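Worksheet: one structure, shown below.
In our numbering, the protein residues as written are 67 to 411.
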């Protein structure tokens, strides 16, 4: 996002460097406490900190749960299109990745997921679902009803749901974030301050287990925490603890930028299809009608010099799409859309 860092984060990291306190991390208690207080204030979520474990980043947390709940050769189900590492990382762990298409309007297709659950656990195999909540790249915020239906289907087949909630604080007005572990005691929520406060270079995250999954997080190897940096913990703790005013200023600006993008697409790309994202600073745009093939991002980069995320990076269902980061200045966004239109003309 093209925004300055929140001042409490700048101050916390600057003080750390100025004092020379840049060694190994201490126990992550302060980080977990800051996250828990933020979750309670923001979402009314009372986190049981005994069920929380700090990990190097969200992907490491997802992988740790996959390792603890499934075996090599087991199936990881992925609602698609979705964040690319959901396909790559489980395969590196020896799992079989099975995409399950979202509905035409970009929502979870729970009946199709349940059919896939039954096939995945046949012959005594185990299975898990990687959920993006809110969903990247569509920006859909899964409703409590959708999550409860998913949890019920997963329970019927003994499937574990692991929810990446990286964009949880970035929900626009009109939608409500529901942590997955709030509806499924067997599930997992994995969160971080990285996306919300522009801290992707300060790696840390927290895995929160459902009340019936304590033994899983307790089985995590102690070496998992060794890759978490001290400065990262301090920066992210400052974000959770003192960064909410900054976030409250950011969100209306993101909503204005989202709405501007929608207007620009309607004006300059009338054959494109874009659903307003309910969260994040990312928009999923269908450019199939412009005849630029499965990967219009390549043509747009070559002819228009605008770098977009290729829809094909997000798995089946991403063909003909691009993902647009709209967290920038109105002038830049306007010129970008005009260039995209020119590149597709």
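Yeah, the Cβ is synthetic: ideal placement off N, Cα and C, and Gly gets one too.
These numbers were taken from a predicted model, which means no experiment stands behind them.
- Under DSSP, residue 230 forms a beta bridge with 198 and 256.
- Counting C-beta pairs with one atom in each stretch, the stretch 96-115 and the stretch 268-278 have three or more that are closer than 8 angstroms, which means they touch.
- Taking a C-beta distance under 8 angstroms as the contact criterion, residue 383 and residue 146 qualify as a contact pair.
- Under the three-state reduction of DSSP output, residue 350 falls in the strand class.
- With respect to residue 119, residue 286 sits close: the two C-beta atoms are nearer than 8 angstroms.
- As DSSP reads the structure, residue 141 sits in a beta bridge with 162 and 193.
- In terms of Cα proximity to residue 248, the closest of 135, 328 and 213 is 213.
- Around the beta carbon of residue 398, fewer than 16 other beta carbons lie within 10 angstroms, which makes this residue exposed.
- Going by DSSP, residue 389 is part of the beta strand (DSSP E) stretching over 387-391.
- Rounded to the nearest angstrom, the gap between the Cα atoms of residue 226 and residue 343 is 27 angstroms.
- The beta carbon of residue 301 sits closer than 7 angstroms to the beta carbons of 75, 78, 79, 265 and 268 from its chain, once the five residues preceding and following it are set aside; these are given in chain order.
- Contiguous beta strand (DSSP E) elements confined to the stretch 307-364 occur at 348-352, taking only those with 3 or more residues.
- Around the beta carbon of residue 307, 16 or more other beta carbons lie within 10 angstroms, which makes this residue buried.
- Note that the stretch 190-205 touches the stretch 226-235; at least 3 beta-carbon pairs, one per stretch, sit closer than 8 angstroms.
- In the pairwise beta carbon analysis, the stretch 356-375 is classified as touching the stretch 399-408: at least three pairs are separated by under 8 angstroms.
- Classified as exposed, residue 373 has fewer than 16 neighbouring CB atoms from the shown chains inside 10 Å of its CB.
- Under the DSSP assignment, residue 407 falls in the alpha helix (DSSP H) whose first and last residues are 396-410.
- Listed in chain order, the non-local C-beta contacts of residue 335 below 6 angstroms within the same chain comprise 407, local neighbours out to five positions each way being set aside.
- Look at the beta carbons and you see the stretch 183-190 not touching the stretch 201-218: under three pairs across the two are nearer than 8 angstroms.
- Our two residues, residue 148 and residue 208, have alpha carbons roughly 14 angstroms apart in a direct line.
- 205 is the residue among 205, 257 and 284 whose C-alpha sits nearest the C-alpha of residue 345.
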